[in-house]
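Enquirer:
Residue numbers (this note's numbering): 69 to 731.
Next up, the structure:
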């Protein structure tokens, strides 16, 4: 076979812009269907002849079903096709819009809003498609524009909703989202190519069901806690059930082949820190979207509100959307020149500084608008950097599901922001005449919390600058690459799968192509840019690594990789009379936990599997004497020879000053 190439196909600039525009439209459609209904919430109880609490389910259902659909849709996208799942999500969103447009019953409208919520999964799937479709130098700009489209849709949705409320029947909000959804569905069908990177396999139904129930419970508690009461029985019960199920769900995912969420990859330092940053920045972003409209809409009698109506508020919120769009090429250029970590740091600091400034400068219109725009500028930078960091830190075959988890945590951050906002404003209210409003001090406290959240995200960005465990994919894979997935398995010399193995695929010249961490069955998937000869390197803690040149063929199984030698701690136990048989050897952590034990054989030798890297204590003992030695394990076999002293009835513990070698 000829050597593979990763330079990719020539790609016209016009084709790239068509792809970016199409995918950005999906973000606009998602944000429109989220935003259009918000300004109508005060009128919906009258329009639907129901209570305000029941009407609020029209918002809760969208957020709830959107959040729980993200892990499932993105995992299916990696397994069976990103374009396919994007079309499915768009179709459900359009059907939800049509159902809402034709319904007047509350139950049907809530169902319609829930179906629309599935559209939230379009964002991470779209970002993964950009990685597959675009030349590497255009990926940062595409990701930035995708993030900007969410704000653009929100910015357009607020004034558009005001116009609908003033001049049209309220059902028009569903007709608008339905028409936009149909346009986007046709565009995706016509423009986007299906990625050949499909891992296949069996879907993790049990993980999906338990994860969905757990996430539903947590999201419900966050969304409805302000209405039910934070200490009310339903809120507490849902929180306890959700957290308990999540605690049980994580180890279950570690044991399942093809898990819904690859916990091993999610636990890698870079991915874990980026996801935590996403949670913090989702909180900080939404604080801006919650407080600013209230400052604009509260009556002037409050002393700090400007008394604007829905349409005026939407128009003054529009600059946030404009700054998102304007910052997209700036963010992309910063990522290309300085890296996503520096862009994340700069954006987080801009957000933190803007919130601190807003504490002291929120007295009039220009200060409120300028402060919100500056927060939006910082948010645009961070939202462009986060998916880029995820793309560079996970295998190509998991780009959709990994971005899905990152997006899910961002939405979880927005839900936490709503809960915190409700709690803070409830604790600090002011009465003016016969009306009760949140106090200005409550809004300032939210600004302080958002500033702290942004600063913590900045600290995480500094830590990411020092991590080098995941190379930046955009720098290692020039040009557009039409990858295809290949699958394989890693086992030990006994035939059992090795669950902690990592497989890296490179060209014979040493350029990294992809990598993968195996699942509980030892299976893995990697993406290659074409059939050919590749260097495959396999490493697992506690095993001798393996490397081989393999001829890989698209959509074919890779030959089974067998790691033949288990690394061990070995040595010889002796006393003053020579080699000692039957001595007990115990390995413990320096923190106290027992790891394993062995017994010296007929010639005084012992052996035990090499534990994870770290510091340990190894002890040998007989009925009359003991010896102990400190051992440091760091990825290599260790030999520790232990010599027991003569028995001494007055001394029970002897520290060995003997020998330790490593090879």
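Glycine is no exception: its CB is placed at the ideal position from the N, C-alpha and C atoms.
How long is the line joining the alpha carbons of residue 473 and residue 333, rounded to whole angstroms?
Expert: Approximately 11 Å between the Cα atoms of the pair.
Enquirer: Answer yes or no: do residue 126 and residue 178 have a C-beta to C-beta separation smaller than 8 Å?
Expert: In this structure, residue 178 lies closer than 8 Å to residue 126 by Cβ.
Enquirer: Pick out the complete beta strand (DSSP E) segments inside the stretch 595-650, 3 residues or longer, and give them in chain order.
Expert: Those beta strand (DSSP E) runs which fall completely within the stretch 595-650 and span 3+ residues are 600-607, 614-620, 629-631, 636-643.
Enquirer: At a cut of 8 Å, does the stretch 168-178 reach the stretch 239-247 through at least three beta carbon pairs?
Expert: Taking 8 Å as the limit for Cβ pairs, the verdict is that the stretch 239-247 does touch the stretch 168-178.
Enquirer: So, for residue 605: in the same chain, excluding its five sequence neighbours on each side, which residues have a beta-carbon less than 6 Å away from its beta-carbon?
Expert: Taken in chain order, the residues that qualify are 572, 615.
Enquirer: Is the distance from the Cβ of residue 353 to the Cβ of residue 267 below 8 Å?
Expert: No, the pair does not count as a contact, with Cβ atoms beyond the cut-off.
Enquirer: Can you tell which of 435, 603, 670, 376 has the C-alpha that lies nearest to the C-alpha of residue 367?
Expert: Of 435, 603, 670, 376, the residue nearest in Cα terms is 376.
Enquirer: Does residue 314 get closer than 8 Å to chain C when you measure Cβ to Cβ?
Expert: The chain inventory of the structure shown lacks chain C, comprising one protein chain alone.
Enquirer: Quick one: using the 10 Å Cβ neighbour count with 16 as the cut-off for buried, is residue 710 buried or exposed?
Expert: Buried, by the Cβ-count rule.
Enquirer: With H, G and I counted as helix, E and B as strand and the rest as coil, what does DSSP make of residue 456?
Expert: Note: residue 456 maps to helix in three-state DSSP.
Enquirer: Take every Cβ of the stretch 107-120, pair it with every Cβ of the stretch 437-445, and state whether three or more of those distances are shorter than 8 Å.
Expert: As far as the Cβ criterion goes, the stretch 107-120 does not touch the stretch 437-445, which means the pair count is below three.
Enquirer: Per DSSP, residue 524 is paired with what?
Expert: Per DSSP, none; premise fails for residue 524.
Enquirer: Find the nearest neighbour of residue 401 within the set 419, 422, 453, 429, judged by alpha-carbon distance.
Expert: Among 419, 422, 453, 429, the Cα nearest to that of residue 401 is on 453.
Enquirer: Excluding sequence positions up to five away, which residues of its chain have a Cβ less than 6 Å from the Cβ of residue 343?
Expert: Closer than 6 Å at Cβ, skipping near neighbours: 474, 477.
Enquirer: Is it true that the CB of residue 222 sits closer than 8 Å to the CB of residue 396?
Expert: The answer is no: Cβ separation not under 8 Å.
Enquirer: For residue 635, tell me which candidate among 626, 617, 608 has the shortest Cα-Cα distance.
Expert: Of the candidates 626, 617, 608, the one whose C-alpha sits nearest the C-alpha of residue 635 is 608.
Enquirer: Rounded to the nearest angstrom, what separates residue 339 and residue 587 at their Cα positions?
Expert: Distance between the alpha carbons of residue 339 and residue 587 is about 17 Å.
Enquirer: Quick one: grab the DSSP three-state call for residue 266.
Expert: In the structure shown, residue 266 sits in coil (DSSP, three-state: anything other than H, G, I, E or B).
Enquirer: From 552, 690, 467, 101, pick the residue whose C-alpha is nearest to that of residue 239; which is it?
Expert: When only C-alpha atoms are compared, the closest one is 101.
Enquirer: On the CB-based measure, 16 or more other CB atoms within 10 Å of its CB, does residue 315 come out buried or exposed?
Expert: Counting Cβ neighbours within 10 Å, residue 315 comes out exposed, since fewer than 16 surround it.
Enquirer: Give me the DSSP bridge partner(s) of residue 565.
Expert: Residue 565 pairs with 559.
Enquirer: In terms of DSSP beta bridges, what is residue 585 paired with?
Expert: Looking at the DSSP assignment, residue 585 forms a beta bridge with 570.
Enquirer: Taking the alpha carbon of residue 671 as the point to measure from, which residue in 648, 683, 643 has its own alpha carbon closest?
Expert: Selected option, being the one with the closest Cα: 648.
Enquirer: If I measure Cβ to Cβ from residue 617 and keep anything under 8 Å in the same chain, skipping five residues before and after, which residues do I get?
Expert: Only 576, 601, 602, 603, 604 meet the Cβ criterion.
Enquirer: Which stretch, first to last residue, makes up the beta strand (DSSP E) that contains residue 499?
Expert: Taken as a continuous stretch (DSSP letters only), the beta strand (DSSP E) holding residue 499 covers 497-500.
Enquirer: Under 8 Å Cβ to Cβ from residue 324, same chain only, skipping five residues before and after it: list those, please.
Expert: So the qualifying residues of the chain are 272, 274, 275, 587, 588.
Enquirer: Can the beta-carbon of residue 142 be found less than 8 Å from the beta-carbon of residue 471?
Expert: It is a contact, given that the beta carbons lie within the stated cut-off.
Enquirer: When you compare only the Cα positions, how much space is there between residue 253 and residue 155?
Expert: So the two alpha carbons sit approximately 6 Å from each other.
Enquirer: Roughly how many angstroms separate the alpha carbons of residue 381 and residue 250, rounded to a whole number?
Expert: Their Cα atoms are separated by approximately 29 Å.
Enquirer: Return the CA-CA distance between residue 133 and residue 191, expressed in angstroms with no decimal places.
Expert: Residue 133 and residue 191: Cα-Cα distance of roughly 15 Å.
Enquirer: Excluding sequence positions up to five away, which residues of its chain have a Cβ less than 6 Å from the Cβ of residue 345?
Expert: Closer than 6 Å at the Cβ level, and outside the excluded window around residue 345, lie 525, 528.
Enquirer: Measure from the alpha carbon of residue 509 to the alpha carbon of each residue in 419, 585, 372, 384, then state which is nearest.
Expert: Per the Cα distances, 372.
Enquirer: Kindly provide the ranges of any alpha helix (DSSP H) runs that are 4 or more residues long and lie completely inside the stretch 324-401, ordered along the chain.
Expert: As far as the stretch 324-401 is concerned, its whole alpha helix (DSSP H) runs of at least 4 residues are 331-334, 337-365.
Enquirer: Output needed for residue 521: all residues of its chain with C-beta closer than 7 Å, excluding positions within five of it in sequence on either side, in chain order.
Expert: Closer than 7 Å at the Cβ level, and outside the excluded window around residue 521, lie 348, 351, 352.
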